[in-house]
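Following: one structure in structure tokens, then a few remarks.
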Amino acid sequence: MYNPGMSAIFEILGKDAGGRIGRLRTPHGTVETPTVMPVINPNIQLIPPKEMRNFGAEILITNSYIIYRKEELRSVALEKGLHGLLDFDGPIMTDSGSFQLSVYGSVEVTNEEILEFQQKIGSDIIVPLDIPTPPDVHFRRAEEELAVTAERLEAARRLIQGEQLLAGPVQGSTYPELREKAASYLKDLHFEVYPLGAVVPLMEAYRYTELVDVIAASKRGLSPASPVHLFGAGHPMMFALAVALGCDLFDSAAYALYAKDGRYITVNGTYHVEKLNYLPCSCPVCSRYSADELRKADNREELLARHNLYATFAEIRLIKQCIKDGKLLELVEQRCRAHPKLLDGLKELYSHSPWLEQLDPATKGTFFYCGPESASRPEVLRFGKRLDRFNLEGSVIIRTTPVKGEKDYDQILIFKAPFGAFPAEMEEVYPFNAEVPKFPDYEALTTALSNTLKLIELNPQAEFTFICEKEFSHPLIDEINKKAKLVYREDWREE
Ligand code: GUN
Ligand code: ZN
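Numbered per the working numbering, the sequence shown spans residues 18 to 512.
Have a look at this one:
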């Protein structure tokens, strides 16, 4: 529970786009987010939980329902506690059995029973028995199940009010309006962590467009100060995208499930070990074994699980560095080129640029234009929204690189796609110091030319001369030609 005398449970230390670096305090220690919680199966331990720290894990997650159901595990957990059972003294989150509920249709435990059990065994983050409503159900069903989830979460909040953190899962199927409503309702119950539930089917089907909308809608309903967990997300290829939307915690069963299937995780996708001729990684496993040796190893499953964990945490560290450097969106754009469906997710992310723009720091690392999607970044949108702040009078020249005689004009504006025209004095100022390709693509030109046109229209008292490059082939050039004097660069000398 929130305690005003103590330091906050979640502290945000750095931001970029919707992403953040945070510190989450739990009874068994503080963790830095974003991070992944490796899923520990209490029945099978391919890798001992305490070894998880060697990969970069700071917090684990396990399933209290599996422990509760099995007498041998339950008695040990009640006697020695969860941390004794798993032999791990750092933070451990426990799930409630809701996932089993979503897979098997029912569970043999009530919300109250599983909450009390998690409390007794000393879980650091307790999860109520929410109902994971799958995608695409009728609106009525999503609404009804949400009402049951809300009752259970209210009961949980009344029950759990100590040191232990309580999670409030956001449901609402594939209805953004229900997700936002659920989130803003739960916001007022003050959970310490907010998991976004029932997204596994979306991720399994590569439905990243809808996943982005579900995350964005839920985030809009929550306080930006709350930590958010994307339930069941374990593939590092989509971490950067989810972090940019404001997810702080992930959990990975993928490292073990994929290993069992002989699959080798990379940030660009997954390989089957039978089809790998080379190992494109330099983790301890991949440095010691050749692809052939890995395939034939007796402990292949364990080796693959280890590599999968290394690959997973390497991506987390890179994401954190990118947030520090203000380069998270560049990483997102790179990662989303690994799969066309992720590229759809990237486009959907930027459809939320008006919202992201409010969260994005005003100044950060140099903007790199990485492809047509970059033209829709929040920074570009922000510039377009602020064109009315420029007051131009007299003769104004708009050019890319300097031209002869430009000093004779009252004002010099630089044209740089995807932004548009801005005062030359701002050339070295963020975001105008952007690294952009010499020849802008169509999307960058569309944004830059329409912003330029808008600027011209906003300043009817000024007289504009636009120095156009011959490569700028775009219908908006004709529109600019109607309102400004348009001169092609190669014709300029003869003026
Ligand atoms: N694991 C994956 N999805 C979910 C969910 O929606 N709720 C809970 N409690 N656990 C999950
Ligand atoms: Zn490796």
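Where a beta carbon is used, it is the ideal one built from N, C-alpha and C, also for glycine. Here the structure is a predicted model, which is why all the values come from computation and not from measurement.
Buried or exposed for I336, going by 16 or more other Cβ atoms inside 10 Å? buried
Count the C-beta pairs between the stretch 350-366 and the stretch 406-423 that are closer than 8 Å, then say yes if the count reaches three, no if not. Result no; under three Cβ-Cβ pairs closer than 8 Å.
Just to confirm the assignment: which complete beta strand (DSSP E) runs, minimum length 3, are found wholly within the stretch 277-339? 280-283 and 286-289
Whole-Å CB distance - P149 paired with A222, under 8 Å assumed: Rounded, the Cβ-Cβ distance is 15 Å, inconsistent with contact.
Over the uninterrupted alpha helix (DSSP H) stretch that includes Y459, give me the two end residues. Y459 to L475
Could you name the residues of the same chain whose beta carbon sits closer than 7 Å to that of H324, not counting the 5 residues immediately before and after it, in chain order? Cβ neighbours of H324 beyond the five flanking positions: Y281, C298, C300, V302 and C303.
Would V284 and A328 qualify as a contact pair, given that the criterion is a beta-carbon distance under 8 Å? yes
Can you tell me whether H324 sits near the ligand ZN, meaning its C-beta is under 7 Å from at least one heavy atom of the ligand? yes
Cα-Cα separation between L466 and P212, rounded to whole angstroms: Within the model, the alpha-carbon separation for L466 versus P212 is close to 42 Å.
Please go through the stretch 70-105 and give each complete beta strand (DSSP E) segment of 3 or more residues, from N-terminal end onward. 77-80
L348 and Q390 - do their beta-carbons sit closer together than 8 Å? As written in the sequence, residue 390 is Glu, which differs from the Gln given in the question. The answer is no: Cβ separation not under 8 Å.
Is it the case that the stretch 151-163 contacts the stretch 176-186, given that we only count it when at least three CB pairs across the two stretches are under 8 Å? Taking a cut-off of 8 Å for Cβ pairs, the stretch 176-186 and the stretch 151-163 do not touch, as fewer than three such pairs fall below it.
Three-state secondary structure assigned by DSSP to F116: helix
Cβ of V124 within 7 Å of any heavy atom in the ligand GUN? Because no heavy atom of the ligand GUN lies under 7 Å away, the Cβ of V124 does not count as near it: no.
By Cβ distance below 7 Å, which residues in the same chain neighbour L373 in space, the five residues on each side in sequence not counted? Within the same chain, L373 has close Cβ partners A34, G35 and P395.
Could you please give the first and the last residue of the uninterrupted alpha helix (DSSP H) stretch that includes Q428? Here Q428 belongs to no alpha helix (DSSP H); instead the beta strand (DSSP E) covers Q428 to K433.
Identify the continuous alpha helix (DSSP H) that holds A222 and give its terminal residues. That residue, A222, is in no alpha helix (DSSP H); it is neither H nor E in DSSP.
Quick check: the Cα distance between Q136 and I143, rounded to an integer number of angstroms? 7 Å
Three-way DSSP call (helix, strand, coil) for T482 in this model: strand
Do R42 and L30 come within 8 Å of each other at the CB atom, strictly closer than that value? no
I need the straight-line Cα distance from T463 to P435, nearest angstrom please. 8 Å
Pairwise C-alpha distance: L503 and F483: 5 Å
Under 7 Å: does the beta carbon of A5 sit that close to some heavy atom of the ligand ZN? Nothing can be reported for residue 5: it is not among the residues displayed for the chain, which extend from 18 to 512.
Does the beta-carbon of S235, which I'm using as the reference point, lie nearer than 7 Å to any heavy atom of the ligand GUN? no
Under 7 Å: does the beta carbon of A276 sit that close to some heavy atom of the ligand ZN? Not under cutoff, so the answer is no.
Would A34 pass as an interface residue toward chain D - the criterion being a Cβ-Cβ separation below 8 Å? Note that chain D does not occur in the displayed structure, where there is just one protein chain.
Length of the line joining the Cα atoms of A308 and N294: 6 Å
Along the alpha helix (DSSP H) that carries A438, what are the first and last residues, could you check? Element bounds for A438: not the alpha helix (DSSP H) but the beta strand (DSSP E), G437 to P440.
Anticipated Cβ contact below 8 Å, V231 with T191, distance rounded: 7 Å
Supposed close pair T111, T79 - CB separation, criterion 8 Å: So it is a contact: roughly 6 Å between Cβ atoms.
Starting from R37, trace the beta strand (DSSP E) in both directions and tell me its first and last residue. G36 to T43
Going by the C-beta, is G214 closer than 7 Å to any heavy atom of the ligand GUN? yes
Taking buried to mean at least 16 other C-beta atoms within 10 Å of its own C-beta, is Q188 buried or exposed? Buried, because 16 or more other Cβ atoms sit within 10 Å of the Cβ of Q188.
For L296, is the beta carbon positioned less than 7 Å from some heavy atom of the ligand ZN? yes
Beta-bridge pairing of D33 - partner residues as DSSP gives them: G36.
What's the C-alpha gap between M69 and A242? 28 Å
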